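Novice: If you read the sequences in order, they're chains R and H. With my numbering as the guide, the letters of the first sequence map in order to residues 143 to 487. With my numbering as the guide, the letters of the second sequence map in order to residues 143 to 487. Sharing a structure here in structure tokens format.
There are 2 protein chains.
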Amino acid sequence: MKKRKTLADVAAAAGVSKMTASRALRGDKDVSKANIDKVKQAAREIGYYGNHLAASLSSKRTDLIGVVVPSLSNTVFPQVMSGVTDALKGTALQPVFGVTDYDPEAEYTTIRNMLSWRPAGLIVTGLDQPDESRRLLADAGIPIVQIMDCDGDPVDACVGFSQSGAGHDMAAALLATGRRRFGYVGRNLDKDLRAAKRKKGFLDALRSQGLDFIDAIDGAHREGDEVTLPAIACGRRKTAELLARQPDLDCIHFSNDDLAFGGLCHCIAAGIDVPGEVALAGFNGLGLLEGFPGKIATSHTARRAIGETAARVILETVESGETDSGKIHILAPTISLGDLAVAAK
Amino acid sequence: MKKRKTLADVAAAAGVSKMTASRALRGDKDVSKANIDKVKQAAREIGYYGNHLAASLSSKRTDLIGVVVPSLSNTVFPQVMSGVTDALKGTALQPVFGVTDYDPEAEYTTIRNMLSWRPAGLIVTGLDQPDESRRLLADAGIPIVQIMDCDGDPVDACVGFSQSGAGHDMAAALLATGRRRFGYVGRNLDKDLRAAKRKKGFLDALRSQGLDFIDAIDGAHREGDEVTLPAIACGRRKTAELLARQPDLDCIHFSNDDLAFGGLCHCIAAGIDVPGEVALAGFNGLGLLEGFPGKIATSHTARRAIGETAARVILETVESGETDSGKIHILAPTISLGDLAVAAK
DNA sequence: GCCGGTATCAATACCGGTATCGCTACCGGT
DNA sequence: ACCGGTAGCGATACCGGTATTGATACCGGC
């Protein structure tokens, strides 16, 4: 294999020093127009592309922004990632993604691993990292943005909303439509801390009215196959199960829209009127719901926007050279009840 | 800000040389048990974590595997990415993702950018890169795996299946059930080359029987909002449009399952019997379809497996130290007709 | 004609690790 | 006692760039 081209090769080909070549390629000043052309020409001819490793090591700067998300199968996170990617488009910064599978241990190693690339900033999902991870973030000396959650104390900056508040608000909205007999369907609540927070907020609102879930299926790890079961199929099956046990529920709350949509599929197949007989409420405002517009109540969360602002916060902090970005950006979800709003009148 | 800890700090704290510290931390041999403990202890105490930039520059190796995908909104790609992540779990290698938005220009810069980090290997979606990008890949001197498509000439290795063949087979299967009046719904076919190949394969099969699409909505860029419109809503709307124009179609082929599912939603809402009156056929076998099992014919593509084998090919090539991985791995999709199979009898 | 200032480039010293090689101490065998 | 072999460790030379400093030439002004 022929040796990779280095800057020295370019310099030699252009008849200048390494330093001049370096400056010319990066658009630094102090290089004559003639030499800039010669160098760029030479670089193109021999097919040179830089070595970020060397450049970053030397300059003590990188263009990387680490993004740590728990999952790729929940479409929410790819959407956040899209937001980050978009916001960074056109800038020098570049995102790098890491997936943790909701595992704190994996999260720790992922963060550590990212930090060892000396990124310009880090975007991490959630506020509730274990102490060890938190310390890592706090001592990193780069802007850290925690996203998706505001119920707690951020290490540095924070972009998101209150998960428990979102749960609470949804419950309040549903109560206002007159619903009283609530059921709940979720899954992986033992690992998905934010979904658990929403459930708790929801429950708090119910209890303040002297109510409670009549029945709930949390589905925390009963079987191994549960994780791989598509969310919609899971929602459909569990809704069937729940309604078999409690046929007189007038509202089912799901931990997210995928499950809720699965529930709707069951109801349609079983000939159950939604939201007439039973109302369904999900969370996130996924595009999925447009399959049957208005049928499912949901909270629209600004996932793209969360990704975008998180990226922008880092961008601004890096550019301004500040040490501390430490602001909290709240992007509150908006509830839409769909047909339920009409039915309630 | 306090200076970042370096290996020299660890060495000093442990009372050994940099070199011994380096070896101890990496688990190299030629270090006494006592020193290994001392070094690891010291590293933990002062909170040291390595610097991949320096390590990789020096060793001329990185643990990175670049993965270039066109999109994050099509759930297929996050699934491929999951497969890659899983296959690499437990190994030293680590994936880095890049998104191109189906833009060849962005693809070129992404590839270039990745190469400048000197990754151990590259996974790129598709076979039809422009010459310039192709040359970049060919000259990189690292294992390259192109995925998702086999209709063409790979740069190095290739994991996927024939897109046009998949389209052809689906058409053949549908023809075998007696369907004759075909419609088509797709979107972004001008950018999504693989979907276009499937359509072409499908069409070839029809033509070999003297048939053609009676009507087709390609939806290539009519309006700007089209891209952001959720795929399911898009499928629903276009199906309504198509059936309004051609009420007597007996089969609609969609460029993917999301659109097909949107079509199903329309049919359910409009009281159209599926697949009795009209059959729907999508592509990919997404979990989505489990919302109404059997209603939609589809080709199950092994997306996860494609990601996994692609990663494994690179892994093996890297470990064996071969220069050329150059094998073609076909993971053919399997067609499932669902209720249509029964109806056809 | 001498001087200070500016534009342009080259030489040098790193950045924080790892590869390589040499040195020392200690071992068993003869 | 001598020797070859090996385990354990450290000094040194890089890896491929960039920051910094220094050198050179050329300019207008007095």
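Here a beta-carbon is modelled for each residue, glycine too, at the ideal position from N, C-alpha and C. Only a predicted model underlies this, so the values are computations on that prediction, with no experimental measurement involved.
(1) Here's the rule I'm using: 16 or more other beta-carbon atoms within 10 Å means buried, otherwise exposed. How should E461 of chain R be labelled?
(2) According to DSSP, simplified to helix, strand and coil, what is L230 of chain R?
(3) With distances taken Cα to Cα, identify the nearest neighbour of S198 of chain H among H:A184, H:M312, H:P261.
(4) Could you pull the start and end residues of the beta strand (DSSP E) that L371 of chain R belongs to?
(5) Suppose the cutoff is 7 Å on Cβ atoms and the five residues either side in sequence are ignored; what does the same chain contact list for P296 of chain H look like?
(6) Bridge partners of Y326 of chain R, per DSSP?
(7) So, is G405 of chain H buried or exposed, given that buried needs 16 or more other C-beta atoms within 10 angstroms?
(8) Could you check the C-alpha separation between L431 of chain R and T459 of chain H for me, to the nearest Å?
(9) How would you list, in chain order, the residues of chain R whose beta-carbon sits under 7 Å from the beta-carbon of S159 of chain H?
(10) When the cut-off is 8 Å and only beta carbons count, does E368 of chain R lie next to chain H?
(11) Where do the N-terminal and C-terminal ends of the beta strand (DSSP E) with P237 of chain H fall, by residue?
(12) Measuring CA to CA, which of H:E450, H:D228, H:N255, H:C409 is closest to A375 of chain H?
(13) Do F303 of chain H and A474 of chain H count as a contact pair if the criterion is CB distance below 8 Å?
(14) Identify whether I472 of chain R lies in helix, strand or coil by the three-state DSSP scheme.
(15) My parser needs the alpha helix (DSSP H) runs of 4 or more residues fully inside the segment 372–460 of chain R; what are they?
(16) Closest to L317 of chain H by C-alpha separation, out of H:I188, H:P372, H:F355, H:G377, would be which residue?
(17) Whose C-alpha, out of H:T451, H:D281, H:A229, H:R349, is nearest the C-alpha of I253 of chain H?
(18) Please check the pair A229 of chain H and A453 of chain H, which I expect to be a contact at CB under 8 Å, by giving their CB distance rounded to whole angstroms.
(19) Comparing the C-beta of G433 of chain R with each C-beta of chain H, is any distance below 8 Å?
(20) Distance, Cα to Cα, C300 of chain H vs V455 of chain H?
(21) Tell me whether the beta-carbon of A423 of chain R lies closer than 8 Å to the beta-carbon of M312 of chain R.
(22) Taking the alpha-carbon positions, what's the L401 of chain R to A373 of chain R distance?
(23) If the criterion is Cβ atoms closer than 8 Å, does the pair M223 of chain H and G449 of chain H meet it?
(24) By the criterion of Cβ-Cβ separation under 8 Å, what are the contact partners of F403 of chain H in chain R?
(25) Would you tell me roughly how many angstroms separate the C-alpha atoms of A184 of chain H and D243 of chain R, rounded to the nearest one?
(26) Is the beta carbon of A439 of chain R less than 8 Å from the beta carbon of L482 of chain R?
(27) Provide the residue span of the alpha helix (DSSP H) that contains V152 of chain H, from first to last.
(28) In whole angstroms, give me the CA-to-CA distance for F434 of chain R and V181 of chain R.
Specialist: Result, derived from the coordinates:
(1) The Cβ neighbour count for E461 of chain R, taken over all protein chains shown within 10 Å, is under 16; the residue is labelled exposed.
(2) helix
(3) Taking only the C-alpha atoms, the option nearest S198 of chain H is H:P261.
(4) No beta strand (DSSP E) holds L371 of chain R; DSSP gives it neither H nor E.
(5) L269, Q288, I470
(6) R:A358, R:H395
(7) buried
(8) 44 Å
(9) Residues of chain R passing the Cβ test: none, with the nearest at roughly 21 Å.
(10) Below a pLDDT of 50, predicted positions are generally treated as unreliable, and E368 of chain R, at 43, falls in that range; no measurement from the model is reported.
(11) 236–241
(12) H:C409
(13) Contact flag set, yes.
(14) Residue state, collapsed to three classes: strand.
(15) Complete alpha helix (DSSP H) runs here, min 4: 373–387, 399–412.
(16) H:F355
(17) H:D281
(18) Indeed they touch by this definition, with Cβ atoms about 4 Å apart.
(19) yes
(20) 9 Å
(21) Taking 8 Å as the cut-off, the beta carbon of A423 of chain R is found closer than this to the beta carbon of M312 of chain R.
(22) 6 Å
(23) Yes, these two residues count as a Cβ contact at 8 Å.
(24) Per Cβ cutoff of 8 Å: G433.
(25) Approximately 31 Å, taken between the alpha carbons.
(26) yes
(27) 149–156
(28) 59 Å
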